[in-house]
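Residue numbers are given in this note's numbering: position 183 of the sequence shown equals residue 183, and the series is strictly consecutive.
No residue lacks a Cβ here, since even glycine has one placed at the ideal position from N, Cα and C.
This report refers to the structure that appears directly beneath it.
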Amino acid sequence: MRLKIPLIFIIIPLVLSMEAIDDEHYRTKRQLNSLPIVYPYGGTIRFILGFVMPVPNEDMIGVIFGASFLYQYNQIQNISDISKYYPIKTISREQREAEWDRRRDERLTFYKAVEELLNVKGFHGRECVLRAICEAAQFPLEHEALFGEILHIILTPNYGRSALEDDASWWSSMGDYVDAYTAGRQMFSCHYLYSGCPEGEGLLELVSLLKDEDNFV
């Protein structure tokens with residue numbers, strides 16, 4: 001069995017918005033060790049990710065569902081600001097570990113955002129997210145081109161974590177999602193386990209088709 005993904009993604013590339021000062025007084029001589037990722041005069045980085053999917057209906061009317069996410073960041077004005085996002089040699093081990101701990105729940109934040117979005121649309125958000133994780137574990141998407149790989153990373157709650165890591169706080173918040181992934185890997189019925197997300201309302205059902213690979217045309 002293979003999961004085919006006829007999903008239309010719209011990704012607007014990184015947009016850089018900078019305010020440059022064109023005054024001769026502020027122009028400085030380029031140094032050999034200058035860092036191009038630092039912009040002393042400031043600016044904004046915006047990343048917009050959106051997707052569109054068709055909505056089936058009995059009236060054969062062209063209806064689509066679309067959603068977009070906007071991420072906006074201030075450009076780095078000083079090299080010391082990088083330590084807020086990436087550990088550098090000038091910070092201690094304790095500071096580095098504390099920074100990574102703060103960044104561990106990014107996937108949980110994404111799951112919660114999707115759940116809230118689905119709740120607004122009238123779906124059972126949490127059940128549908130758990131079911132999607134379960135189904136993605138049953139029929140992996142990682143070999144379905146770029147978008148399949150992206151979905152695989154998003155819907156694998158413990159992606160990138162070592163099995164030897166023991167973090168009680170992380171497991172308490174991500175335990176249900178990891179259980180859904182484990183159930184899928186063990187080929188349990190995702191539809192039965194997460195019946196709050198009925199047939200026809202699953203996230204992967206909206207964006208993919210599950211067919212027998214031998215008979216797929």
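Check, Outcome
"With Thr-109 as the anchor, note down where its alpha helix (DSSP H) starts and where it stops.", "106 to 120"
"Going straight from the alpha carbon of Asn-119 to that of Asp-167, what length do you get?", "30 Å"
"Would you kindly work out how many angstroms separate the C-alpha atoms of Cys-190 and Glu-201, rounded to a whole number?", "13 Å"
"Would you list the residues sitting across from Ala-67 in a DSSP beta bridge?", "Phe-51"
"For Gly-148, tell me which candidate among Val-207, Tyr-41, Gln-75 has the shortest Cα-Cα distance.", "Val-207"
"Run the CB neighbour count on Tyr-177, radius 10 Å, all protein chains shown included, and call it buried at 16 or more, exposed below.", "buried"
"Using the Cα positions of Glu-199 and Cys-128, report the straight-line distance between them to the nearest angstrom.", "10 Å"
"DSSP puts Tyr-73 in a beta bridge; with which residues?", "Ile-45"
"Could you name the residues of the same chain whose beta carbon sits closer than 7 Å to that of Leu-108, not counting the 5 residues immediately before and after it, in chain order?", "Ser-173, Met-174"
"Could you tell me the boundaries of the alpha helix (DSSP H) in which Glu-199 lies?", "No alpha helix (DSSP H) holds Glu-199; DSSP gives it neither H nor E."
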